[in-house]
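The opening residue of the sequence shown carries number 0 in numbering that gives the first Met the number 0; numbering runs sequentially from there. Built from N, CA and C at the ideal position, the CB exists for glycine as well. Fair warning: this is a prediction, and the values are worked out from it, not measured in the lab. Taking it in order: structure first as structure tokens, then the write-up.
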Amino acid sequence: MNDRYVSGIPKDAVEKTVSEYKREGDAIWPKKTECLFNGEIVGERFYETGGVLVIERPMKYGKTHGVEYYWNQDGTLYCAEPYENGLPHGTAAQWDDDGNLIGTYTLAHGTGYDLWRTINENGDILISEIHSMKGGVPHGFEWWVNEDQESVFIEKHWSEGKLHGIERQWESEGKLSEGWPKYWINNVEVTKNEYVKASKKDSRLPVYLEIDQESKRTFPVEIQRIMGKC
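What follows is the structure, encoded as structure tokens:
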């Protein structure tokens, strides 16, 4: 399958189908199985149509524990992410369709920057997504980055797994999309005036600044280093 793949699920585990593959319009539910060993669930696997394995998740005491693997429908491995007691912990890796390593990121007990990369038409490896994480949930800014590596087309702000800040989307030419921004306090959408008032008392809420209506962003130093900007 791939020499980078070392299953964390015991070979003698018995696989039991939980739900079959299902498709309704554009919505797809892969076939799900549970892997049982000595009466315990030690993993889950997900299969696309034709029995193609696309996700393998080792488990311990009901939590993801070990390396979780992701495959494309053609069977090529594209991501491996280590977990410890239900939290991403360690260095995850991403590969291209030819099996070449295109990037890594490291989380400590679910805390750090979860990064995703893409390859443009020139073969350049670019950061396409930045997710700030704390304790396994979104915390801080989430950015979907444009090819120029200086601007974004989606921005969200989280606090301990809840939308808590300003959410924006931009068109390809950098114009703010119609209906945006949106303002969130603890997962509840509020008006701009309500948000501005709350942000004066809640330091977790980013202050509304007119300049932030533009799509260009200054990323954290750690991200700039990865991008080769400092």
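Taking the straight line between their C-alpha atoms, what separation do you get for residue i and residue j?
i	j	result
residue 114	residue 207	26 Å
residue 127	residue 37	42 Å
residue 192	residue 204	13 Å
residue 149	residue 9	45 Å
residue 181	residue 13	48 Å
residue 31	residue 58	14 Å
residue 5	residue 61	20 Å
residue 178	residue 11	54 Å
residue 49	residue 77	19 Å
residue 87	residue 211	31 Å
residue 54	residue 109	20 Å
residue 80	residue 21	26 Å
residue 28	residue 196	43 Å
residue 202	residue 97	45 Å
residue 132	residue 69	20 Å
residue 72	residue 176	33 Å
residue 103	residue 156	23 Å
residue 290	residue 89	Outside the modelled stretch of the chain, which goes from 0 to 229, sits residue 290, for which no answer is possible.
Shortest alpha-carbon distance to residue i belongs to which of the options?
i	options	result
residue 223	56, 129, 47, 41	129
residue 199	211, 188, 210, 184	184
residue 124	225, 11, 110	225
residue 147	135, 168, 173	173
residue 165	122, 144, 194	194
residue 41	227, 21, 7	7
residue 122	95, 107, 73	95
residue 111	118, 93, 140, 100	140
residue 67	73, 209, 44, 136	44
residue 35	227, 160, 56	56
residue 74	47, 84, 167	47
residue 152	71, 2, 216	216
residue 170	85, 214, 98, 156	214
residue 106	24, 2, 83, 100	83
Note the first and the last residue of the continuous alpha helix (DSSP H) segment covering residue i.
i	result
residue 216	Here residue 216 belongs to no alpha helix (DSSP H), and DSSP marks it neither H nor E.
From what residue to what residue does the beta strand (DSSP E) around residue i run?
i	result
residue 197	Here residue 197 belongs to no beta strand (DSSP E); instead the alpha helix (DSSP H) covers 191–198.
residue 156	151–158
residue 26	26–28
residue 183	181–184
residue 19	That residue, residue 19, is in no beta strand (DSSP E); it is neither H nor E in DSSP.
residue 234	Any property of residue 234 remains undetermined from this structure, which presents the chain solely from 0 to 229.
Beta-carbon of residue i versus every beta-carbon of chain B: anything under 8 Å?
i	result
residue 90	Absent from the structure: chain B. Only one protein chain is present.
On the DSSP bridge assignment, give the partners of residue i in chain order.
i	result
residue 13	35
residue 187	184
residue 161	158
Query raised in the report: What are the start and end residues of each continuous beta strand (DSSP E) run of 3 or more residues lying completely inside the region 79–143, in chain order?
Result: Listed in chain order, the complete beta strand (DSSP E) runs (minimum 3 residues) inside the region 79–143 are 89–94, 100–106, 111–118, 124–133.
Query raised in the report: In the region 32–84, which residue ranges form an unbroken beta strand (DSSP E) of at least 3 residues, counting only runs that do not cross its ends?
Result: For secondary structure counted as the beta strand (DSSP E) over 3 or more consecutive residues, the region 32–84 holds these complete runs in sequence order: 39–47, 51–59, 65–70, 76–83.
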